[in-house]
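Chains as they are written, first to last, in the working numbering: chain A, 3 to 343; chain B, 3 to 343; chain C, 3 to 343; chain D, 3 to 343.
Glycine included, C-beta positions come from ideal geometry on N, C-alpha and C.
All values derive from a computational prediction rather than experimental measurement.
See structure below.
4 protein chains.
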Amino acid sequence: MDIIVLRPGATAKELRYIVKKLENKGFKANISKGTERTVIGVIGDTSKITEDESNAFASMAGVEEIHRIIQPFKLASRDFKSGDTTIRIGKHTIGGKRIHVTAGPCAVENLPTLLNIAMEVKKAGATFIRGGAFKPRTSPYSFQGLGEEGLKFLAEAREKTGMPVVTELMDPRDIDVILKYADVIQIGTRNMQNFRLLSEVGSHDKPIVLKRGLSATIKDLLMAAEYIMAQGNNKVILCERGIRTFETATRNTLDLNAIPVLKKLSHLPVVVDPSHGAGKWDLVAPMAKAAIAAGADGLMIEVHPKPEEALSDGEQSLKPDKFKTLMKELKAVAKAVGRTL
Amino acid sequence: MDIIVLRPGATAKELRYIVKKLENKGFKANISKGTERTVIGVIGDTSKITEDESNAFASMAGVEEIHRIIQPFKLASRDFKSGDTTIRIGKHTIGGKRIHVTAGPCAVENLPTLLNIAMEVKKAGATFIRGGAFKPRTSPYSFQGLGEEGLKFLAEAREKTGMPVVTELMDPRDIDVILKYADVIQIGTRNMQNFRLLSEVGSHDKPIVLKRGLSATIKDLLMAAEYIMAQGNNKVILCERGIRTFETATRNTLDLNAIPVLKKLSHLPVVVDPSHGAGKWDLVAPMAKAAIAAGADGLMIEVHPKPEEALSDGEQSLKPDKFKTLMKELKAVAKAVGRTL
Amino acid sequence: MDIIVLRPGATAKELRYIVKKLENKGFKANISKGTERTVIGVIGDTSKITEDESNAFASMAGVEEIHRIIQPFKLASRDFKSGDTTIRIGKHTIGGKRIHVTAGPCAVENLPTLLNIAMEVKKAGATFIRGGAFKPRTSPYSFQGLGEEGLKFLAEAREKTGMPVVTELMDPRDIDVILKYADVIQIGTRNMQNFRLLSEVGSHDKPIVLKRGLSATIKDLLMAAEYIMAQGNNKVILCERGIRTFETATRNTLDLNAIPVLKKLSHLPVVVDPSHGAGKWDLVAPMAKAAIAAGADGLMIEVHPKPEEALSDGEQSLKPDKFKTLMKELKAVAKAVGRTL
Amino acid sequence: MDIIVLRPGATAKELRYIVKKLENKGFKANISKGTERTVIGVIGDTSKITEDESNAFASMAGVEEIHRIIQPFKLASRDFKSGDTTIRIGKHTIGGKRIHVTAGPCAVENLPTLLNIAMEVKKAGATFIRGGAFKPRTSPYSFQGLGEEGLKFLAEAREKTGMPVVTELMDPRDIDVILKYADVIQIGTRNMQNFRLLSEVGSHDKPIVLKRGLSATIKDLLMAAEYIMAQGNNKVILCERGIRTFETATRNTLDLNAIPVLKKLSHLPVVVDPSHGAGKWDLVAPMAKAAIAAGADGLMIEVHPKPEEALSDGEQSLKPDKFKTLMKELKAVAKAVGRTL
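Okay, structure coming up:
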């Protein structure tokens, strides 16, 4: 069901043209003449009307605006699947009662540092290891990551600790090498609407962490998930990591409202990255606790033993001892909302 | 200490003019010639440089930009007072270990409904009653509040329940009648930069809840608090209630990041209004829990027995039984972060 | 006509309840059962449904969302009055073929400076003089204006030059003194939703320049105009002056899109303030020209002979010679779009 | 020159550590002890300090914040090259006195329609033809473009009209086929921070139109240009096409302030896309005129003979006759600001 609102002075001829176009597409038109406007209710499976077709109707003579009633995403919606999706990765389940914490450095820098971090975060209770081998950096002069060598280090960290590996894919040309080493593929904020990359990862059977874009609405995020799912891959984990607003006191505005809204609109698991979201290490702990209280299924947290020497994002990384303290606090909050961690 | 950056081609004459102006105001100029830019460090008590004076320097020939090092707020800052401010209201203390919940209808509608709500929320654990008698409505055709009659009803609810009254002041001409009935004066979102109103409430000895404006940065909020404090009233409670962003799935974007940031920059107590922040009743519970996990000192929650008949903001009000359930959950989260409620 | 969309599982009982409520209010319900959702078309004069009543419907059991078809403003809308409103002030007409430029200092500082500016801008072609006597400043420590003395200076400038005076009202308690001296009352950005102030100026017969709030949507601006007009004062001039976005390279983001959108939705004249909008003097000229090309009916421009000594907003003020050059350029652009200046 | 501000209680040891780190990297530290803060001026070529290194300093004990004085982009900056860059494409020059208009359909749909549009827009004065063969669509169910077939049609339109072809590259795997047919490669909004794609087009000698991302600051846009230029390709044309704000009356907020700001910070040509920026055809004309008045070097405008049957973005396309009228108006505005078209 879509609603087409006509302009005040729309003519009978304009109305007939629109109704005929609707009927040609197999819809029925329910016309209501109000006191100020005439409104056409479109009856039929309007979820099949693409955005393009809807825009075409919006440009017809006599049309003031279109109200779409059905969300443009289908496979990702609660309408399509009412129960929560859970995703099995190794021996862990994302989206169930247990909250999972993914931890690690922003970028993989060298093997000893990575192994050291991996062992520290595992001891503290993290269940997944993260680290970037291909890094999307806003400056061409910044460290761009170690590439496949970084992936090998991650695989070694997995072997040593048993923790599955989460790492980012930036370029469809790297899909094979990423598939070889990763347990979960991360699609980063700046690639959330890189539709070719979304289609690429949608055609493989590997779980995806899909990060919300800096200016992506919640619906945009779900449409990006739809791109992946439309290719057959239903293992999508949504990740809130901060949006761009006028506020400059924080690097981004971590939007925790997205958690309950996503849970209402979609069946997919939702995790939160408070490190990128807030951008400063001393905001990570309060926002991580808040995320769990708001219903997140997991967290992604940056940990580095020497943030002042990190090759990227040092400003937002926790030291291992601070991470350990945080994990204890998170356990208490998780328990308070009926979850475990 | 302020920093004045000169344009690449700034002349010696322009530099001398700026230095002389600084010296005339009693400052010393520390000139550093870098490889690309010349930079002037302003030595002295630059907190006394007003925004106007700073802008005047910015408009001088040869100046590229000014970096201000010291925050423009003083009395509200942690630099000025390092310990947390606590505010005593009746037998309660805001800003201490105990988290306080203020509850009530958006607008006071009639006495029986108000008393009913007051007793229900008290039973559930709320410690302050709220309700609007003067309502800032975006439409001139919407219900504007009962005025003094509404204040009398609030006073009666206080008498019946012992709960102090929080209510909004919209117009400096209403200050006397508000002072007569209110225990805490609320300055609403749309008046956060109504500087005359801020000065007015600053010259009385009544606690103030100051709500963040829809497009106010955290620094703007602290400058508004400074306006009140500059008149002598230090009893300011800061309230996060949602900012305006591009996201349309929620009425506003409740910015919980503001809690730890405000706690870092200021000594004032911080409370959160998840009802206005998210704008839909089913988001109130998760965001209320998240606010406490993030370190809020209190919450303001709208409660109405029949939201579908409320004269304002029905969409975001909780029914008393949902509020009761929420209060139990909030107690658990408060305990998990070392607080009581 | 409003549209009420029901949730997928809404019951027949819920539907009946909603229909009965609509009928009680004198509306007819047109029910369409689509393949995925049931939708109720509300027939009757739905412009009388207040935001409150609409929210109350939104909170009823079974309701997913409400789509409002009719704009919430009436008197300010093109639906209500299709021809352009023109406002006569002294010998000038705002909203006609001629574009008017209001110029002057941000704040009135002293009589000689004001007279000097007034004569300079008149010579260059400005037709109105502006200057603040009551200044809304974000810092309590900044210059707050000369008060009534400033108004007297403005009146003297009017006497010397014949230019009508535009000045800001910040507080309803100042209405009498402002009415005594001003030809046009400015309602500033931070007071755009100070509803008491809007009602106050609505009950007098003086033209109003209403500045768009930093986070006000175009509809919010028109609702603020509606507040004034609902009291009987139809002489409202809308002013775009920049909105708050994530961009930090400019003080605000001057939103010129607002010009054609306001012209489409409303019959009221539209002016632009590029000085506050962009916040830097070297952006004023290009944005002023762009505003006229986009269809603005007037401009408000800050001019100061010594911006580096101005008591407020020096950074965004033009010197008289730059203003003179700009006026020549503006004349050429006005002519190119079929206007005069 | 960068500025490191220390926290109020920073210790002498912390200061020494920071100074030593700076000296290790070859910089000199100029220490100023103000009355409230100690500030370190970093002397040397700080443009070589990457964002990573800067963040690492920000995370050192005792540091409150870092102020960067030098812009993070170099090759794209006016500091690096003070004169305007002009780009020769066929017989046309972008960035000179003449303003160029690129026109065409959003997506290439079929050959006859494309040729028809090409001939119409050429007749009206357009000098470049645009059309998408690979389309970034927010829905996986929308028309995705004709691929290489669409490129062939564009090449045929070029042959018939002599107009160079502008078309979008979405995926680095398509670079060869795009290079084969395109005269100018467009990098779309959603790929502005697809760093691999930027590097790819940077390593070829083809002019690039780089569209500003929906949430990209002006500095982000210049950093994206830097990515391309760092690989050796200096032929970058910057394109403003609307940013995401809270305003919902327009699809995006076309930010014309970006034109003078980009012209101040960079030597690269700047064009504007009012079709995507405003999102509705009746806003295209006023915003196109405003863009030229503000100093744009070119425009990109969508034209379609039957917008109501267009396969994408019909709502924002002009019909050929409206485009023709607009071109005449644009010529007048161009002349008024000393340009030709």
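Residue i (DSSP reduced to helix, strand or coil)
{"i": "E66/B", "result": "strand"}
{"i": "H94/A", "result": "strand"}
{"i": "K324/A", "result": "helix"}
{"i": "V186/A", "result": "strand"}
{"i": "S61/B", "result": "coil"}
{"i": "V274/B", "result": "strand"}
{"i": "G279/D", "result": "helix"}
{"i": "I210/A", "result": "strand"}
{"i": "I6/B", "result": "strand"}
{"i": "R100/C", "result": "strand"}
{"i": "V238/B", "result": "strand"}
{"i": "T255/D", "result": "strand"}
{"i": "G106/C", "result": "strand"}
Proximity test, Cβ basis, 8 Å: residue i and chain B
{"i": "F75/A", "result": "no"}
{"i": "M289/A", "result": "yes"}
{"i": "A135/A", "result": "no"}
{"i": "D222/C", "result": "yes"}
{"i": "A12/C", "result": "no"}
{"i": "L313/C", "result": "yes"}
{"i": "S217/A", "result": "yes"}
Of the residues the options, the one placed nearest residue i, counting alpha carbons only
{"i": "T115/D", "options": "P307/D, E331/D, K326/D and A336/D", "result": "P307/D"}
{"i": "R80/C", "options": "L343/C, A334/C, G340/C and P262/C", "result": "P262/C"}
{"i": "L148/B", "options": "I131/B, T169/B and K162/B", "result": "T169/B"}
{"i": "R198/C", "options": "P107/C, Q233/C, V179/C and L216/C", "result": "Q233/C"}
{"i": "D4/C", "options": "R18/C, E53/C and Y19/C", "result": "E53/C"}
{"i": "I6/C", "options": "V273/C, I45/C and N26/C", "result": "I45/C"}
{"i": "A280/D", "options": "A296/C, A298/C and N259/C", "result": "N259/C"}
CB contact check: residue i to chain D, cutoff 8 Å
{"i": "T37/B", "result": "yes"}
{"i": "G98/B", "result": "no"}
Environment of residue i [buried if 16+ CB atoms lie within 10 Å]
{"i": "S205/B", "result": "exposed"}
{"i": "N112/B", "result": "exposed"}
{"i": "T342/A", "result": "exposed"}
{"i": "D47/C", "result": "exposed"}
{"i": "P10/B", "result": "exposed"}
{"i": "T323/C", "result": "One detail in the question is off: residue 323/C reads as Asp in this sequence, not Thr. Result: exposed."}
{"i": "A14/C", "result": "exposed"}
{"i": "N254/B", "result": "buried"}
{"i": "A63/C", "result": "exposed"}
{"i": "R214/B", "result": "buried"}
{"i": "G133/D", "result": "buried"}
{"i": "T250/B", "result": "exposed"}
CB contact below 8 Å: residue i versus chain C
{"i": "G127/D", "result": "no"}
{"i": "I261/D", "result": "yes"}
Cutoff 8 Å: residue i Cβ touching any chain A Cβ
{"i": "A60/B", "result": "no"}
{"i": "A214/D", "result": "The amino acid occupying residue 214/D in the given sequence is Arg; Ala does not appear at that position. False, the Cβ-Cβ gap to chain A never drops below 8 Å."}
{"i": "A295/D", "result": "no"}
{"i": "T191/B", "result": "no"}
At which residue ranges does the stretch 120-200 of chain C contain complete beta strand (DSSP E) runs of 3 or more residues, listed in the order of the chain? Taking only runs of at least 3 residues, the beta strand (DSSP E) segments lying wholly in the stretch 120-200 of chain C are 130-132, 167-170 and 186-189.
Suppose only complete runs of 4+ residues qualify. What are the alpha helix (DSSP H) ranges in the stretch 21-61 of chain B, listed by chain order? Here the runs fully enclosed are 53-60.
Which runs of the alpha helix (DSSP H) spanning at least 4 residues fall entirely within the stretch 284-315 of chain C, listed in chain order? The stretch 284-315 of chain C contains no whole alpha helix (DSSP H) run of 4 or more residues.
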